[in-house]
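Chemist: Line by line, the protein sequences give chains B and W.
Per the working numbering, numbering through the first sequence is continuous, rising by one, with the last residue being 666.
Per the working numbering, numbering through the second sequence is continuous, rising by one, with the last residue being 294.
Note that CB positions come from ideal geometry on N, CA and C, so glycine has one too.
Provided herewith is a single structure, encoded as structure tokens, for subsequent inquiry.
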Amino acid sequence: MTDRLHDQEYILDRDHLQDLLDTLRNSGRRVIGPVLRDGAIVYDDLASVKNLPIGRTDIQERGLYRVMHREDQALFGYNVGPHSWKKFLSPPRTRLWQGDRSSGMVQISNEPPETQKMAFIGVRSCELHAIAIQDRVFIQSEFTSPPYQARREQTFIVAVNCGQAGGTCFCMSMKTGPQATRGFDLALTEVIENGRHYFVVEVGTEAGMTVFEQLPHTVAGEAQKSAAESAVAAATAQMHRQMDTSDIKDLLYRNYRNPRWDDVASRCLACANCTMVCPTCFCSTVEDTTNLKGDHAERWQRWDSCFTMDLSYIHGGSVRASTRSRYRQWMTHKLATWIDQFGTSGCVGCGRCISWCPVGIDITEEVRAIRKSEESFLPPTEGHHGDT
Amino acid sequence: MKPMHEETATFATAAPMTPIFCRVLKTRPETHDTFTMEFEPPEGAHAFAFAPGQFNMLYAFGVGEVPISISGDPDDPQTLIHTIREVGAVTHALRAMKSGDLAGVRGPFGTSWPIEEAAGRDVVIVAGGIGLAPLRPAIYSILSHRENYGRVVLLYGTRNPDDILFRKELEGWRARLDLSVHVTVDRALETWRGSVGVVTTIIPRARFENSNALVMICGPEAMMRFTILELQNRGVGLDQIYVSAERNMKCAIGLCGHCQMGSEFICKDGPVFRFDRVQRFLEIREI
């Protein structure tokens, strides 16, 4: 099932992609997309199609990420880099308010709501799912984050289907890709064949139609639709990494005491890279600051990570002092407790945590290891209270 | 959370991270490291409605913000009362405040003690150290509607006699004929005439009906764990026991991730939990 405005698919020629960027920009949107910087494909302001990572791809494996040349001139011929869209929807550092104190009074001014509309270019299917997961956290929970909601509601999404699978991708296991099925305004599939270079376009929303109507386009024929399907099928066929998610919530709930956590802790540096690159990790902290005179104060929110000691600090010490407990918290949250909290897994199978882990810890391998070691690991008897 | 009437609200959903500033009415020392602060409602409001067991985020200007349970009387919400242990920069700054100073308040947040469910039953309140503060609103509420409850027992343990909180009040409660109060300390000099031993030692001899009692516990996690073991030994069901849990908190609205304990966000799913609902987490070290 695909959430589309209608069944019609269109063709946008490669040479008219710039028109899409211009149309979005002319409607007051900040256009953000993939650009090559510091040896990685990252998300940043995108002025021109020329700034896309033309003819580049990314090689990814455990603890490895390299940008390489491809044989063709594909614009979206890579998978995902270290950035995710949460950087723009829930920025790493944001001021929440500032206050001034004088003659026994305090005046607070809240940060004005975000008014800058954004357009994301090149959102992968796994990333659409990641955004939907963060929506559940920040919008559809008991309390909402007004700044996130404001940014989110003003964001136009151009998805791009994957025509290849990266070495760390496992979206098929998580049922989040590679085909974009919902959560986009426009979805593009890049096709390069017989000297032609074009995009097959699906329209997801009225807003998407309004933009697309302004671009030179034709209606897609069966051959072109099938070329697009083949592109996505290639990604499906390439994907070799898997995670067995059957019973995964209960599996992890049963295995808090599994000694396998000591094994992963002996490798984990608790560096927090996995939580920074993860498109769904949402932990943040609050920083209250003041000037030297003490009459001006600000409250900032910034990304935090469950791999820090500070995150769980209460008087007397950190609740999760060991790396073992912190890795366990991260993975158990991502794959198990998240389901109870938000009705969905916190993992979309994008593979970033695997590629960007400096020691190459692979979440899919850790799940396999927990599964395998469970049989030999005997949990304490019911009612055991001695684990203090 | 209780629905908030506009005039009593100190928490705005449009800007959930922004405190409302309230004037300090007075502060008074309780023990060598604890003190109680009273605040008047902010301008335009006349009360702080809250339920026993709920907490506020208290902000000291420019220093920071910490979660603190409300220790006042829910039937007398004209002043907001917090009892605080001075352990860090923020609580130190709060301690230094004088009457008339402004502190930021966000809240109230979280779940509350099962005061209504306790009606018609024996009530056992077990507190350790500063854990008496979040239970005091429940005690006030039960005592103001004393006829609604069966036997009421308060078991209170501290490390040593100097740590006993609300001493005068405890003495007053102990003098009542409709309330049974046991105070014990872990260790004491010979000048202490009271009971010595951890709070769990009093549980076997406390008088309440095992099958219908409702137990509310707040204290260090180890103390809560052993208290629950003793209660189980007496035959109290785990679904009759409520605990208040503590974790780091930054937002208090379930968005910052800091207060997680397994699948629970202590700030919004707790801090008060029926024990059997969080047992599987509380029994795991470093969760």
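1. Determine the chain B residues that contact Met24 of chain W at a beta-carbon separation under 8 Å, and present them in chain order.
2. If we cut at 8 Å on Cβ distances, does Lys257 of chain W have a partner in chain B?
3. In chain order, which continuous runs of the beta strand (DSSP E) of length 3 or greater are located wholly inside the region 180 to 262 of chain W?
4. Along the region 600 to 620 of chain B, where does the CB come closer than 9 Å to a CB of chain W? Name the residues.
5. Examine chain B for any beta-carbon lying closer than 8 Å to the beta-carbon of Ala52 of chain W, and answer yes or no.
6. Closer than 8 Å, CB to CB, is Glu287 of chain B near chain W or not?
7. Identify each residue in the region 234 to 248 of chain W for which the Cβ-Cβ distance to at least one residue of chain B is less than 7 Å, and report them in chain order.
8. Considering Cα atoms alone, identify which of B:Trp616, B:Arg538, B:Lys328 is closest to Ile647 of chain B.
9. Strictly by DSSP, which residues pair up with Pro312 of chain B?
10. Helix, strand or coil, according to DSSP, for Thr553 of chain B in the structure here?
11. Could one say the Cβ of Glu253 of chain W lies closer than 8 Å to chain B's Cβ atoms, at least one of them?
12. Under the assumption that Val542 of chain B contacts Glu652 of chain B (Cβ atoms under 8 Å), give the Cβ distance between them as a whole number of angstroms.
13. Please report the distance separating the alpha-carbon of Leu172 of chain W from that of Leu262 of chain W.
14. In the DSSP assignment, the alpha helix (DSSP H) including Gly486 of chain B goes from what residue to what residue?
15. Where Gly51 of chain W and Leu32 of chain W are concerned, what is the direct C-alpha to C-alpha distance, given to the nearest angstrom?
16. Specify the secondary structure class of Gln502 of chain B as computed by DSSP and reduced to three states.
17. Using the C-alpha atoms, what's the distance from Asp80 of chain W back to Ser187 of chain W?
18. Could you pull out every residue in the same chain whose Cβ sits closer than 8 Å to the Cβ of Met104 of chain W, ignoring the five residues on either side in sequence?
19. So which residues of chain W does Leu589 of chain B contact, with C-beta pairs closer than 7 Å?
20. By DSSP, does Tyr426 of chain B sit in helix, in strand, or in coil?
21. Evaluate contact between the region 231 to 241 of chain W and the region 203 to 218 of chain W, counting only Cβ atoms and requiring at least three cross-stretch pairs below 8 Å.
22. Less than 8 Å between the C-beta atoms of Lys395 of chain B and Gly341 of chain B, yes or no?
23. Since Tyr534 of chain B meets chain W, which of its residues come closer than 8 Å, beta carbon to beta carbon?
24. Mapping DSSP to helix, strand and coil, what is Asp170 of chain W?
25. Alpha carbons only, please: which of B:His593, B:Pro391, B:Phe416 is nearest the one belonging to Ala428 of chain B?
26. Which runs of the beta strand (DSSP E) at least 3 residues long sit entirely within the region 324 to 399 of chain B? Give them in chain order.
27. Measure the beta-carbon distance from Ala100 of chain W to Val131 of chain W and round it to whole angstroms, keeping in mind my assumption that it falls under 8 Å.
28. Whose C-alpha, out of B:Ile332, B:Glu349, B:Asn533, B:Arg344, is nearest the C-alpha of Lys650 of chain B?
29. Keeping to the same chain, check which residues put their C-beta closer than 6 Å to that of His475 of chain B; ignore five residues upstream and five downstream.
30. Is Leu406 of chain B buried or exposed, if buried means 16 or more other CB atoms sit within 10 Å of its CB?
31. Around the C-beta of Leu547 of chain B, are 16 or more other C-beta atoms found within 10 angstroms, so that it is buried, or is it exposed?
32. Pop quiz: Val626 of chain B and Cys404 of chain B are said to be a contact at Cβ under 8 Å. What is the actual Cβ separation, rounded to whole angstroms?
33. Would DSSP call Phe585 of chain B helix, strand or coil?
34. What residues match up with Met268 of chain W in a beta bridge as DSSP calls it?
35. Taking all protein chains shown into account, decide if Leu613 of chain B is buried (16 or more other Cβ within 10 angstroms of its Cβ) or exposed.
36. Val6 of chain W CB to nearest chain B CB: under 8 Å?
Modeler: On the basis of the coordinates in this document:
1. Leu374, Trp375, Val564, Arg577, Gln579
2. yes
3. 187 to 192, 221 to 225, 248 to 251
4. Ser600, Arg602, Ser603, Arg604, Arg606, Gln607, Thr610, His611, Ala614, Thr615, Trp616, Ile617, Asp618, Gln619
5. no
6. no
7. Leu236
8. For the record, residue 647 of chain B in the displayed sequence is Ala; it is not Ile. If we check each option's Cα against that of Ala647 of chain B, B:Arg538 comes out closest.
9. B:Tyr321
10. helix
11. yes
12. Not quite, the Cβ-Cβ distance comes to about 15 Å (not below 8 Å), so this is no contact.
13. 33 Å
14. 484 to 490
15. 17 Å
16. helix
17. 20 Å
18. Val31, Thr34, Met44, Ala67, Ala110
19. Asn255, His265
20. helix
21. yes
22. no
23. Ile291, Ile294
24. helix
25. B:Pro391
26. 334 to 339, 342 to 347, 371 to 380, 383 to 388
27. Not confirmed; about 36 Å, so no contact.
28. B:Asn533
29. Arg292
30. buried
31. exposed
32. 4 Å
33. coil
34. W:Glu271
35. buried
36. Outside the shown range of chain W (8 to 294) lies residue 6 of chain W, about which nothing can therefore be said.
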